[in-house]
Amino acid sequence: MNNPFSDFRKKQNNLVCIDSDGCAIDSMDIKHIRCFGPCMITEWNLEADQDVILRRWNVVNLYSMTRGINRFKGLAAALREVDQKEKAIEDVETLIRWTNESDELSNAALEREIERTHSICLKKALNWSKAVNEAITKLPKEEIRPFEHVKEVLEKLHETCDIAIVSSANYEAVKEEWTRFGLLEHVDVVLAQNAGSKKSCIERLLTYGYSRDHVMMAGDAPGDLDAAEKNGVFYYPILVSREAESWEQMESAVDKMKNGTFAGEYQAELKKEFVENLSKER
């Protein structure tokens, strides 16, 4: 794939970076609730305790400060708890160790580790990951759509801001979804899984000459906050279960960034609200 930055040019003094899954596109819940969790139940034959196990899966991956965790780290955490509370999981420690020590957590990296260790649990983790990918392709397209207010807010912001998608999701999937809903016409660059980490993508964008106090990252997960903080740019949270409200208020946040009143108390309050919202019991 070509360099995702190759056609990008700075046009405005303001830059808004936006995550995709769970932030602009309402796709995160459906993927975890219908694909990730159920595929784990099937692969490890956990049907007897599936209600409590699936509830915990959703808390870890959607409704807590581990929202957006890498799929294999989420799996390792879930299986460790199952092993302790419901049913022994053969060789689970090998999976836990791999997720803690590997620099790359992907299907390809997992295949290499399986060749080295022949671990039963790693083989099952790979089967699970492939089953998840297959299940996601079968999700009804009409059930995956942007959150309310996304299109009109993007259109308005694009008048005075450069817009970058900064996502860890698959590039083709991101491009297809944003194109299907007429959102891509209000975007200047698509930086997805192929472009590197969110932190490195924002870091690269800053080299185009934006002042850090005129750059904002909008996201729904702690990883988005971390990427913003490590680059010294502003963070605007899309709150879980309050996504439409968050999008409706984004224009006001960008106005504060443009007029120099985002830093300090306002930014601190946004971060506090973000953490408190993900700490609620659901």
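Heads up: the sequence shown begins at 10 in this note's numbering, then just goes up one per residue. The C-beta atom is built at its ideal place from N, Cα and C for all residues, glycine as well. Since this is a predicted model, take the numbers as computed values, not measurements.
- For residue 162, no beta strand (DSSP E) encloses it; the enclosing alpha helix (DSSP H) starts and ends at 159-166.
- Within the same chain, and ignoring the five residues on either side of residue 210 in sequence, the residues whose Cβ sits closer than 6 Å to its Cβ are 175, 200, 204.
- By alpha-carbon distance to residue 119, the top candidate from 64, 179, 152, 82 is 82.
- If the five residues before and after residue 89 are omitted, its C-beta is found closer than 7 Å to the C-beta atoms of 101, 105, all from its own chain and listed in chain order.
- In the three-state DSSP reduction, residue 244 falls in the strand class (E or B).
- Its Cα nearest to that of residue 215, the residue 26 stands out among 103, 26, 12.
- Note on geometry: alpha-carbon atoms of residue 179 and residue 186 lie some 11 Å from one another.
- At the C-beta level, residue 28 and residue 222 stay beyond 8 Å of one another.
- Taking a C-beta distance under 8 Å as the contact criterion, residue 45 and residue 80 qualify as a contact pair.
- The three-state secondary structure of residue 153, taken from DSSP, is coil.
- Of the residues assessed, residue 188 falls on the exposed side of the cut-off, its CB having fewer than 16 other CB atoms within 10 angstroms.
- In this structure, residue 98 and residue 53 form a Cβ contact; the two beta carbons are roughly 7 Å apart against a cut-off of 8 Å.
- Contact annotation: residue 245 and residue 272 have beta-carbon atoms that are not nearer than 8 Å.
- Its Cα nearest to that of residue 212, the residue 242 stands out among 147, 62, 242, 198.
- By the CB criterion at 8 Å, residue 116 and residue 150 fall outside the cutoff.
- Taking all protein chains shown into account, residue 224 has 16 or more neighbouring C-beta atoms within 10 Å of its C-beta and is therefore buried.
- In the structure shown, the three-state DSSP call for residue 23 is strand.
- Considering only 15, 18, 32, the residue with the shortest C-alpha distance to residue 253 is 32.
- For the pair residue 192 and residue 36, the Cα-to-Cα distance works out to about 15 Å.
- If you draw a 10 Å sphere on the C-beta of residue 93, you find fewer than 16 other C-beta atoms in it, and that means exposed.
- The beta-carbon separation of residue 72 and residue 287, rounded to 7 Å, stays under the 8 Å limit for a contact.
- Per DSSP, the continuous alpha helix (DSSP H) segment holding residue 259 begins and ends at 259-268.
- At least 8 Å separates the beta-carbon of residue 129 from that of residue 39.
- Setting aside the 5 residues that flank it on each side, residue 48 is surrounded in the same chain by 137, 140, 141, 144, each with a C-beta closer than 7 Å to its C-beta; the list follows chain order.
- Assignment of residue 117 by DSSP, reduced to helix, strand and coil, places it in the helix class.
- Between residue 274 and residue 248, the gap from beta carbon to beta carbon reaches 8 Å or more.
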